[in-house]
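Per the working numbering, the sequence shown starts with residue 5, numbered consecutively.
Beneath this line is the structure, given in structure tokens, with notes to follow.
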Amino acid sequence: MKRLDCLADLSREHHGALSLAVRVSRVAAGADAAAIAAASDLVRERCAAELLPHFAEEERWLLPALAEAGETGRVARTLAEHAELRRLAEQLAAPSAADLAAFADYLVAHIRFEERELFPAAEAHPDILARHAAR
5 MKRLDCLADL SREHHGALSL AVRVSRVAAG ADAAAIAAAS DLVRERCAAE
55 LLPHFAEEER WLLPALAEAG ETGRVARTLA EHAELRRLAE QLAAPSAADL
105 AAFADYLVAH IRFEERELFP AAEAHPDILA RHAAR
């Protein structure tokens with residue numbers, strides 16, 4: 005799907021996160037404790053390197069733009085989901101298949117929400133979006 009330029013990088017980053025979710029979901033479906041531990045470590049590493057900076061970028065300019073546009077419900081949902089994903093990732097310090105699967109499922113649902121609802125809502129307000137993205 006074609007996105008406004010200011011959203012294109014955020015949208016592209018979702019593809020990498022979806023790949024991570026699929027990968028760790030497959031591991032979680034197995035019973036190999038070593039693989040579950042390795043996948044949990046991978047999630048925590050990718051969270052620190054990719055997901056948390058992605059969340060910070062959205063929270064820095066995208067969510068304030070949406071709040072200005074009156075999309076307070078979607079902003080609140082996004083912030084709550086970011087907090088839950090942080091919590092789920094931290095929980096993987098003590099890895100389990102159930103926690104790994106929960107993280108993967110939640111991440112997929114969150115990305116679907118952003119791609120299907122949040123970003124289209126933002127694109128309905130290109131002037132506000134452009135002003136906030138330039139900050």
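The beta carbon of each residue, even a glycine, is placed where N, CA and C say it ideally should be.
- Around the beta carbon of R78, 16 or more other beta carbons sit within 10 angstroms, so the residue counts as buried.
- Excluding sequence positions up to five before and after G34, its CB lies within less than 8 Å of the CB of I40, A101, all in the same chain and listed in chain order.
- In the DSSP assignment, A42 falls within the unbroken alpha helix (DSSP H) covering 37-50.
- Distance from the CA atom of T82 to the CA atom of A137, rounded to whole angstroms, is 18 Å.
- Linking W65 to L92 through their CA atoms gives a straight-line distance of about 24 Å.
- Around the Cβ of D36, a 10 Å sphere holds fewer than 16 other Cβ atoms; the residue is exposed.
- For a cut-off of 8 Å, the C-beta gap from R48 to L96 is around 6 Å, short enough to register as a contact.
- Cβ-Cβ separation between F107 and V28: approximately 7 Å, consistent with a contact (criterion under 8 Å).
- Separation of the CB atoms of E61 and I132 is rounded to 17 Å, and the pair is thereby denied contact status at 8 Å.
- The C-alpha of A12 lies about 35 Å from the C-alpha of A98.
- DSSP places H129 in no alpha helix (DSSP H); its state is neither H nor E.
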